[in-house]
Structure formats: structure tokens, C-alpha cells
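Numbering (this note's numbering), first residue to last: 1 to 203.
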Amino acid sequence: MGSKELIKRLKEEGWLKTPRIIKAFQQIDRSIFLPDELKRFAWVDEPLPIGRGQTISAPHMVARMTELLRPGRQDKVLEVGAGSGYQAAILSKLVKEVITIELEPELAKRARENLKKAGCRNVRVLQGDGSKGYPEEAPYDKIIVTCACPEIPEELVRQLKEGGRIVIPVGGPGYQVLTLGIKEKGKLRLERYGACVFVPLRH
Ligand code: SAH
């Protein structure tokens, strides 16, 4: 399957809806974010291994999360779990600035290289534990967490702007609920969007 066929399918299946988001999917070559031996699977709708026991999310999951986040042109976005850098690359086409944190030094380095190859200049990859967010650059318009959390970290809620949105898989290892939180009067109002499977957040 090529990029055109996959994007068409993601639209038909209802994961991709917003024209700007569809355009971002067309602009970013997912193969850049895969190890050499897996590049030929770039346009298959599956999560794939990227080393250190971690995975790049399936395209439909990146589409779902990006749609739920409702990225705006002027947004500053925090991502926890840079992994390959692919989700950050998609967001980079939609918002003003992306700050993404990756725990594994080797993956952080590769994500930086991948993003450079993809020409994404408005993304900063930080190496470290993102479970407490990155208060230095807070507040954020949007926060996206791409590893599983047993509960939504309070620090992330604090670093989110009033009216801001957080998209996060909430649950234990092996099964989570894709959750959207909208910050209203300092608290999150939660909406749940079905099951998902992410690698766990570690410390
Ligand atoms: N968004 C990625 C997929 C991420 S997989 C992509 O588009 O490719 C989840 C990532 O979260 C893994 O790379 C894992 O190393 C990282 N991770 C786990 N715990 C973390 C933490 N506490 N802080 C930052 N990153 C973390």
C-alpha cells in the first residue's frame, strides 16, 4: 500500500476528517521515521518496532489522536514520548511549536535526526522523564501523551492552559482507554474514545 491508498482508507474509516490534518499526513513521509529494514511497511496501518522495545504508533492512531487534539496554527504543544518523532512531525505542520520529551537517549537522538530529515524545524526534542511535563515552557495549548498512564499526571493538567486539550491513553499495561481531557475552571472534563494499546510510561 502507498501513502495515497492509506490516507484514502483512513478517510473512509473516519479517522482522518480535517483537511489540514489530511494535508499534514500527505506532507510527512512515515518511512523516514522507520528503521531501514521496515521502511517498506511505512504505509501499512500497523504499529512497528523502532528499537529499545518501543513502537511507532499505527497511522490510524496518530490520525485519531491528532483529530482529538484539534491543533491550531498558533498552538504550543507538549508531547510525552517522542519515540520515532513521527507524531511530532505531523503536529509540526499544524501548530506553531512542538516540544517533545523522550526517556530513551538513543531514541531521542534518532527522533532529532528523523525530524531534521523531514525538514521539521519547529520541533524541539528533549531527553528525559516527561511524566512531570516540562514546566519551563508551560503553559501549553495542547498536550499529547503517547505512552500509557495509569492515571493523568497532575503536573500535566497544571501545565495545560485553561480551555486546553490533553489526549492520553489511560490504563495499565496491555489495555488503555484513549481519553480526551478539556481543562475547564482548572479541572479536566473527560471524554473517552475507546480502547487502545500503548507501551507504558516509565520513570
Ligand atoms: N509518538 C511516538 C510513539 C511513542 S512510543 C511516535 O510517533 O513514534 C512511546 C514512547 O514513550 C517510547 O519511545 C518510550 O521510550 C517513551 N517513554 C516512556 N516513558 C516515558 C517518559 N516517562 N518520558 C518520556 N518518554 C517516555
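Backbone N, C-alpha and C fix where the C-beta goes; we use that ideal spot for every residue, glycine too. The model shown is predicted, which means the values in this text are computed figures rather than measured ones.
{"Item": "Residue interval of the alpha helix (DSSP H) (run including proline 49)", "Value": "Per DSSP, proline 49 belongs to no alpha helix (DSSP H); it is in the beta strand (DSSP E), 48–51."}
{"Item": "Outcome for tyrosine 140 when other beta-carbon atoms lying within 10 angstroms are tallied against a minimum of 16", "Value": "buried"}
{"Item": "Reduced DSSP secondary structure (H/G/I, E/B, other) of aspartate 29", "Value": "coil"}
{"Item": "Residue range of the alpha helix (DSSP H) that includes alanine 195", "Value": "First-last for alanine 195: 187–196, but that is the beta strand (DSSP E), not the alpha helix (DSSP H)."}
{"Item": "Heavy atom of the ligand SAH within 7 Å of tyrosine 86 beta-carbon", "Value": "yes"}
{"Item": "The segment 44–56 touching the segment 129–138, judged by at least three CB pairs closer than 8 Å", "Value": "no"}
{"Item": "First and last residue of the uninterrupted alpha helix (DSSP H) at threonine 146", "Value": "From DSSP, threonine 146 is part of no alpha helix (DSSP H); its letter is neither H nor E."}
{"Item": "Other residues of its chain near valine 44: CB distance less than 7 Å, five sequence neighbours each side excluded", "Value": "Met1"}
{"Item": "Best match in Asp36, Ile152, Ile90 for proximity to glutamine 27 [C-alpha to C-alpha]", "Value": "Ile90"}
{"Item": "Isoleucine 99: first and last residue of the uninterrupted beta strand (DSSP E) it sits in", "Value": "97–102"}
{"Item": "Inter-residue Cα distance where the pair is leucine 103 and proline 47", "Value": "19 Å"}
{"Item": "Three-pair Cβ contact test at 8 Å for the segment 171–182 versus the segment 114–122", "Value": "no"}
{"Item": "Valine 98 to valine 77 span [Cα, whole Å]", "Value": "5 Å"}
{"Item": "Glycine 81 vs valine 145 beta-carbon contact at 8 Å", "Value": "yes"}
{"Item": "Proximity test, serine 3 beta-carbon vs the ligand SAH heavy atom, cut-off 7 Å", "Value": "no"}
{"Item": "Rounded separation between arginine 110 and glutamate 184 - CA only", "Value": "37 Å"}
{"Item": "The ligand SAH heavy atom lying under 7 Å from the CB of arginine 112", "Value": "no"}
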